[in-house]
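Chemist: Let me begin by handing over the structure; questions about it come next.
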Amino acid sequence: MEGGQIEYPLKPMMRFATPIFDRNGVKRGIILLNYLGERLIQNFTHAAANIADHTELVNQEGYWLSSPNPEDAWGFMLGRNTTFGKRYPAAWRIISSQQQGQFANPEGLFTFHTVHPTNSAASSDLPLLDQPPKLQSTSSRIWKIISRIPPSDIYSSLPGFLRQHLALYLAMFLLISFGSALLAYSHLRHRRAEAQSEYEKRFRHTLENIELAAVTLDRQGHIRFCNKHFLGLTGWNQNELVGSSWIERFVPKDATDQINDVLSAMADPQEFPTLTETQVKTRNGTLRLIAWNNTLSYDTEGEVIGVTGIGEDITKKRHAEEELHKLFQAVEQSPSIVMITNLSGEIEYVNPKFTEVTGYSAAEVLGKNPSVLKSGETSSDEYHSLWDAISDGGEWRGEFHNRRKNGELYWESAAISAIHNAAGEITHYLAVKEDITERKRLEAEVAERNRELAHAQTLAAMGRMASMIAHDLRNPLSSVKMTLQILGKQSGDRRASCGRSPSTRSATWRRSSPTC
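So the sequence shown is numbered by full-length UniProt numbering: it starts at 1 and just counts up by one.
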């Protein structure tokens, strides 16, 4: 436009004006700069060449500066009232109120961005007469770059778009997916490593404070950790053990192969023994028996890196078990019957000798009263005496005439006493009995033989006496002779007494005949 008239052909023009001041600040004139906007429009069209069919440039009033439809451009200069806002009112309300964005409505898919053309002029590094340029507010001069894709084009162009760009987007998707997976895996490994480190710290802190031995070995059998309880048990210091060989320090020579087998089994977690018992050599050379509960350790890749064993010193316990086993075997193999009952008299244990003597198996009498053996031959007073003795913690000894399972009677001698716990309380009763049936039979037989012998001896003495009497009756002179011998002996005794002292003779005379 020149002189108020529109020039043809149409040439878009941008004018920039600024006042000129002298050194005293007095306004001396105006500099007017005309910029041929055709170049700007061409640059815009060239930059949007791939989307020129649906890209538009409008000013702040909604008039087109560039449009796919040439009839729409520069309408405000030609007296046309058609604007973007009138053609697309719903979309213009959003576009005019926001700086940039994208939205869809029934009129199509809109993408827009706001441009401030005066900002470029305001940022010029060429001051005029030492005065900053005076430009209008940027808010009064704005342009909108708008892209509109009609609904029909969105759906019709999708198959072609996919055919054209599917390989590219698929490659991008795979690349992004692989990168995301790699990043996620790296992040997961990092988190696992942190969690593993934190777990190991807590685990070792726990192991330090338990009253059990705790040791960690790597796959080569080198000590990586041991707690205070283990150090106190073996007599070593931690700085002397960490990094040293477990086998060289603690394994007796005859057990080396066993420990090597355990270490080798770490390669196969399914075959690794979780429970083991090994002898540990202490610093002073003594051996301690340790029961270990073993747990394998893994790195973030899931590979076995070592084993942690938590162990209990069972040396004394095993010795006690062996002593108890020895005692049990002695009772089991005892030639005497051993029976244990509770306080109610219910049988809790019988040894094999009981079954051999009575015919009852252990299963048949456990939980029952020993009265299953009663024959009725032992008096109730005897049983009362028994219970009175053992109930007071004493001991009872006696004999029973009991009945076997097959009904046969047998004799047994018994010693029954109470079993006390550590507090001195009676918890059970113990009976040790012996089958004396054969002894009783022999005693009865001996007694019978003695009675027969005594009877025979009596009869023999009576026979001799009768024989003597009969002989004497048949021989009277022998009787007279015997009588004379007796009288002669008595007379000799009196004469001997006459030679004694007077006092002795007087005493003798008083006891015997008055004559010498």
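Note that the Cβ used here is the ideal one computed from N, Cα and C, for glycine as well.
Can you tell me the Cα-Cα spacing of Asp130 and Asn24, whole angstroms?
Modeler: With a pLDDT of 47 at Asp130, under the threshold of 50, the modelled position of this residue cannot be trusted; read the value that follows with caution. The straight-line gap from Cα to Cα measures roughly 12 Å.
Chemist: Would Lys144 be called buried (16 or more neighbouring beta carbons within 10 Å of its own) or exposed?
Modeler: Its Cβ being crowded by 16 or more others within 10 Å, Lys144 is buried.
Chemist: Please return the same chain residues whose Cβ sits closer than 7 Å to the Cβ of Arg28, not counting the five positions on each side in sequence.
Modeler: So the qualifying residues of the chain are Ile20, Phe21, Asp22.
Chemist: Classify Lys86: buried if its beta carbon has 16 or more other beta carbons within 10 angstroms, exposed otherwise.
Modeler: Classification for Lys86: exposed.
Chemist: Excluding sequence positions up to five away, which residues of its chain have a Cβ less than 8 Å from the Cβ of Asn237?
Modeler: If we look at Asn237 and ignore the five residues flanking it on each side, its Cβ neighbours are Leu231.
Chemist: Does DSSP put Arg93 in a helix, a strand or coil?
Modeler: Helix at Arg93.
Chemist: Return yes when the Cβ of Glu240 is within less than 8 Å of the Cβ of His229, no when it is not.
Modeler: It is not a contact, given that the beta carbons lie outside the stated cut-off.
Chemist: Does the count of Cβ pairs from the region 342-349 and the region 363-374 closer than 8 Å reach three?
Modeler: Short answer: they touch.
Chemist: May I ask you to verify whether the region 425-435 touches the region 450-457, counting CB pairs closer than 8 Å and requiring at least 3?
Modeler: In short, these stretches do not touch, since the Cβ pair count stays below three.
Chemist: Tyr169: buried (16+ other C-beta within 10 angstroms of its C-beta) or exposed?
Modeler: By the 10 Å Cβ count, Tyr169 comes out exposed.
Chemist: Taking the alpha carbon of His401 as the point to measure from, which residue in Ala418, Glu434, Ala389, Glu395 has its own alpha carbon closest?
Modeler: Of Ala418, Glu434, Ala389, Glu395, the residue nearest in Cα terms is Glu434.
Chemist: Where does Ile176 land, buried or exposed, given buried means 16+ other C-beta within 10 angstroms?
Modeler: Answer is exposed; the Cβ neighbour count stays below 16.
Chemist: For Glu443, which residues in the same chain have their Cβ closer than 8 Å to its Cβ, ignoring the five residues on either side in sequence?
Modeler: Correct list: empty, nothing qualifies.
Chemist: Out of curiosity, what's the CA-to-CA distance linking Glu323 and Glu194?
Modeler: Each residue's Cα considered, the two are about 50 Å apart.
Chemist: Whole angstroms are fine: how far does the CA of Pro68 sit from the CA of Val58?
Modeler: One C-alpha to the other measures close to 12 Å.
Chemist: Among residues of its own chain, excluding the 5 on either side of Arg204, which ones have a beta-carbon nearer than 7 Å to its beta-carbon?
Modeler: Counting only Cβ-Cβ distances below 7 Å, and skipping sequence neighbours, we find Phe225.
Chemist: Taking only runs of the alpha helix (DSSP H) that begin and end inside the UniProt domain "PAS" (199-270), which ones reach a length of at least 4 residues, in chain order?
Modeler: As far as the UniProt domain "PAS" (199-270) is concerned, its whole alpha helix (DSSP H) runs of at least 4 residues are 228-234, 238-241, 246-250, 256-264.
Chemist: How is the alpha helix (DSSP H) around Gln329 delimited, first residue to last?
Modeler: Element bounds for Gln329: 315-332.
Chemist: Taking the alpha carbon of Phe84 as the point to measure from, which residue in Gly463, Thr55, Leu233 has its own alpha carbon closest?
Modeler: Selected option, being the one with the closest Cα: Thr55.
Chemist: Using the C-alpha atoms, what's the distance from Lys353 back to Glu399?
Modeler: Whole-angstrom Cα-Cα distance: 18 Å.
Chemist: When we look at the beta-carbon of Ala17 and count the other beta-carbons within 10 Å, is it buried (16 or more) or exposed?
Modeler: Burial call: exposed.
Chemist: Can you tell which of Leu287, Gln98, His384, Gly221 has its C-alpha closest to the C-alpha of Thr315?
Modeler: Taking only the C-alpha atoms, the option nearest Thr315 is Leu287.
Chemist: Of all the options Leu182, Ser96, Ser467, Gly101, which has the alpha carbon lying nearest to the alpha carbon of Ile142?
Modeler: The option with the nearest alpha carbon to Ile142 is Ser96.
Chemist: For Ser244, which residues from the same chain have a beta carbon less than 8 Å from its beta carbon, with the 5 sequence-adjacent residues on both sides left out?
Modeler: So the qualifying residues of the chain are His222, Ile223.
Chemist: In angstroms, rounded to a whole number, what distance separates the CA positions of Trp246 and Lys281?
Modeler: When rounded, the distance between both Cα atoms is 10 Å.
Chemist: For Val331 and Asn351, what's the separation of their Cα atoms in angstroms?
Modeler: Cα-Cα distance, rounded: 7 Å.
Chemist: Take Ala362 as the anchor and find which of Ile340, Ser379, Ser375 has the nearest alpha-carbon.
Modeler: Per the Cα distances, Ile340.
Chemist: Between the Cα of Ala414 and the Cα atoms of Gly407, Gly359, Val338, Val365, which residue gives the shortest distance?
Modeler: The residue with the shortest Cα to Cα distance from Ala414 is Val338.
Chemist: In the structure shown, what three-state DSSP assignment does Trp74 receive?
Modeler: DSSP places Trp74 in coil when its eight states are reduced to three.
Chemist: For Phe16, which of helix, strand or coil comes out of DSSP?
Modeler: If DSSP states are grouped into helix, strand and coil, Phe16 belongs with the strands.
Chemist: Starting from Ser385, follow the alpha helix (DSSP H) in both directions and report where the run begins and ends.
Modeler: Unbroken alpha helix (DSSP H) run through Ser385: 380-391.
Chemist: Hey, which unbroken runs of the beta strand (DSSP E) at 3 residues or more fall wholly within the region 411-448?
Modeler: As far as the region 411-448 is concerned, its whole beta strand (DSSP E) runs of at least 3 residues are 426-435.
Chemist: Measure the Cβ-Cβ separation of Ile259 and Thr278 and say whether it is below 8 Å.
Modeler: Yes, the Cβ-Cβ distance between Ile259 and Thr278 is below 8 Å.
Chemist: Which whole-angstrom value describes the C-beta separation of Gly309 and Asn294, a residue pair presumed to lie in contact below a C-beta threshold of 8 Å?
Modeler: Sure, about 5 Å apart at Cβ, within 8 Å.
Chemist: So, Arg404 versus Gly463, is the Cβ gap smaller than 8 Å?
Modeler: Against a cut-off of 8 Å, the Cβ pair of Gly463 and Arg404 comes out as no contact.
Chemist: How long is the line joining the alpha carbons of Trp387 and Arg318, rounded to whole angstroms?
Modeler: When rounded, the distance between both Cα atoms is 37 Å.
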